[in-house]
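Below: the structure, in structure tokens.
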Ligand SMILES: NC(=O)c1ccc[n+]([C@@H]2O[C@H](COP(=O)([O-])OP(=O)(O)OC[C@H]3O[C@@H](n4cnc5c(N)ncnc54)[C@H](O)[C@@H]3O)[C@@H](O)[C@H]2O)c1
Ligand SMILES: [Zn+2]
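In our numbering, the protein residues as written are 40 to 426.
This is the structure:
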């Protein structure tokens, strides 16, 4: 008798990704949230809120407003536990122990898989709370209310979460499609100038990969964005969000099973620089440097012409980004970022490059001597010299 047996069957699941743009979703007249929070067959929808302390400090009435909102819809909603204020920023993601109180609160609130974990904050908070929600009961419905330009233009729209571990960005995490993402414009005015510009490097990135007209509109308005022109900024954030959203739902690889990860253009060095600077360099600012570095490399390799290259460098500078950081001179350490990037994705090293605005392609090896020259060129540029 043969004891070796084998059975195989392919199956697939469908997901629904929802993205809303609102002006003040905690106003009890706004039904975006209440319509998303459908109650189970019997009883009310249990909601647990986590708020970024940066949001709370700048919007101190937020807890009262949440309470009022729940009261208005009390026939269908209930607060399952105290509204938690979480000290956020990258340090939140840097220590797995920070997950414990979050998981404890979710447990204490006796949430079920039809309850809602609602996070209001920047990318670091959304990544952390999203991870907690994904682990609890193997996945509780999770709503992300994004409050930074970076979260609205990019990170909240992703179908993944995570925290940093073993000195690597996002080492622990899962792929999980949120129940919904809400980009609420009313939070953005209170961002610091540094956090305000942060999201626009991701907008430049996705424009360079996918949309030439969008790139030139962004480039033309870069200085106005830096000076916080809200109308132009919102348009750019929305278009960036749409392009990220479209990549996830229509790009064919939402859970990144393949080795190419186009949306991580400029990110191999960005992630490494964040870690090398002890996360002093913020993600969006590191991405601006990472883009400038790979674009300089593409220009030196003869892939990207001088005119678009110069335009992109000016655009990033006009947005207010520095395109060099002293940590970049530790090249050996920086170049480990290439290996770590490959290790993360598996398979061959695959780095996205562009040969024109809106036109990307993959490369599988990097000439380190030319990359080193590219770093030097950015240093010269930062010293106001032209190479
Ligand atoms: N999951 C993904 O797909 C994905 C994609 C890109 C980036 N990310 C991650 O996103 C993180 C960066 O996100 P970020 O740039 O939003 O930074 P952040 O979350 O650290 O927020 C920046 C600062 O702004 C404060 N803040 C948030 N909203 C505010 C508001 N409305 N007013 C005043 N202050 C406010 C926060 O408290 C924090 O101090 C990184 O960890 C990055 O790895 C994740
Ligand atoms: Zn990014």
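Ideal Cβ placement from N, Cα and C applies to all residues, glycine included.
Can you look up residue i in the DSSP assignment and give me helix, strand or coil?
i, result
"residue 275", "helix"
"residue 180", "strand"
"residue 326", "helix"
"residue 158", "strand"
"residue 81", "coil"
"residue 46", "coil"
"residue 200", "coil"
"residue 55", "coil"
"residue 119", "coil"
"residue 296", "coil"
"residue 344", "coil"
"residue 12", "The structure shown has nothing for residue 12, since the chain only spans 40 to 426."
Measuring alpha carbon to alpha carbon, tell me which of the options ends up nearest residue i.
i, options, result
"residue 82", "117, 383, 68", "117"
"residue 289", "55, 42, 346, 45", "55"
"residue 237", "78, 265, 152", "265"
"residue 402", "165, 389, 411", "389"
"residue 418", "393, 368, 407, 378", "368"
Take the Cβ of residue i as the centre, count every other Cβ of all protein chains shown within 10 Å, and call the residue buried at 16 or more, exposed below.
i, result
"residue 48", "exposed"
"residue 45", "exposed"
"residue 386", "exposed"
"residue 370", "exposed"
"residue 373", "buried"
"residue 409", "exposed"
Could you tell me whether the Cβ atoms of residue i and residue j are closer together than 8 angstroms?
i, j, result
"residue 122", "residue 105", "yes"
"residue 332", "residue 413", "yes"
"residue 58", "residue 284", "yes"
"residue 189", "residue 161", "yes"
"residue 241", "residue 323", "yes"
"residue 87", "residue 148", "yes"
"residue 75", "residue 218", "yes"
"residue 141", "residue 90", "no"
"residue 391", "residue 303", "yes"
"residue 305", "residue 326", "yes"
"residue 397", "residue 259", "no"
"residue 362", "residue 351", "no"
CB of residue i to nearest heavy atom of ligand 3: below 7 angstroms?
i, result
"residue 156", "This structure lacks ligand 3; the ligands present are ligand 1 and ligand 2."
Any heavy atom of ligand 2 within less than 6 angstroms of residue CB: hits in chain order: Result (chain order): 193, 241, 306, 322, 326.
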